Each structure stands twice: as structure tokens, then as C-alpha cells.
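Residue numbers (the numbering used here): 65 to 185. Here is the structure we will look at, set down as C-alpha cells.
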């Protein structure tokens, strides 16, 4: 939730000026929406969210991110960017990790996403 609040506050100056109020309103809104899941029909809503909302959308986001980092940004540029950061200096990409990020990871996530969509048809 903090990532969404920070992203919106960084984009809109009015939200940045009133960040505490904006955070309070987001928390109240989230609380009110979550009340639907604990009402009498809550298990039905929770099942709908679990079946149709969470899995497929998260898999799609992971697939787009995996393809974006490995092919468009490039694993080697990612390695060079992380090498410049002191907290990531310990982690080094090996050549096999670069190859795994470019082909098998997007194929695996894409296969899982395809399977998840096809099982609901």
C-alpha cells in the first residue's frame, strides 16, 4: 500500500502537500472495502477475488516485468546497475543466471499464465 501512496504522492503535488490526509483516506477506503469480505456474503466475494483477480493479474505483472527486465532493459545493464549499489555489491550475476532470466523464466511464467487462463474457459 505504501508503494501506491508514494507513487501517487510523487506524481501529484496536491497529494504530496497533504500526504497524511491522503494516507488516512486510503486507509479508511481500504478498510471500508475490506468490510465486504467479512460480511454475510464475504466468503463469496473472497472466493471471487481469489479465483479471478489475484492469481492471473499477479502472473501477468510478473511476466511483463520478467520480459521487460531481461529483454528490453537487459540483464547485463541490470547487473551493471546493481554492481554500482553498495548493498547489492555482494550479489553477482553469473552467465547462467543471465541466460535463465532471458528465456526460461518468461517461458515458465507465460506457461503458468496461459494454464491459469485456460482452466477458467
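Glycine included, each C-beta is placed from N, C-alpha and C at the ideal position. Model, not experiment: these values are computed from the prediction.
Quick check: what's the CA-CA separation for residue i versus residue j?
| i | j | result |
| --- | --- | --- |
| residue 152 | residue 106 | Confidence is the limiting factor: at residue 152 the pLDDT is only 48, short of 50, which leaves the residue's position unreliable, though a coordinate-based value still follows. So the two alpha carbons sit approximately 43 Å from each other. |
| residue 90 | residue 69 | 8 Å |
| residue 74 | residue 86 | 12 Å |
| residue 183 | residue 110 | 19 Å |
| residue 79 | residue 94 | 17 Å |
| residue 114 | residue 131 | 25 Å |
| residue 103 | residue 92 | 17 Å |
| residue 97 | residue 72 | 20 Å |
| residue 185 | residue 77 | 44 Å |
Within a Cβ cutoff of 6 Å, which residues of the same chain sit near residue i, ignoring the five residues on either side of it in sequence?
| i | result |
| --- | --- |
| residue 134 | 165, 166 |
Let me check understanding here. Comparing Cα to Cα, which of the options lies closest to residue i?
| i | options | result |
| --- | --- | --- |
| residue 181 | 72, 117, 170, 128 | 117 |
| residue 129 | 65, 171, 113 | 171 |
| residue 84 | 66, 97, 101 | 66 |
| residue 168 | 127, 77, 82 | 127 |
What residues in its chain sit with their C-beta under 8 Å from that of residue i, if we drop five residues either side in the sequence?
| i | result |
| --- | --- |
| residue 100 | 106, 109 |
Quick check: the region 166-182 against the region 115-129, are there 3 or more CB pairs under 8 Å?
-> yes
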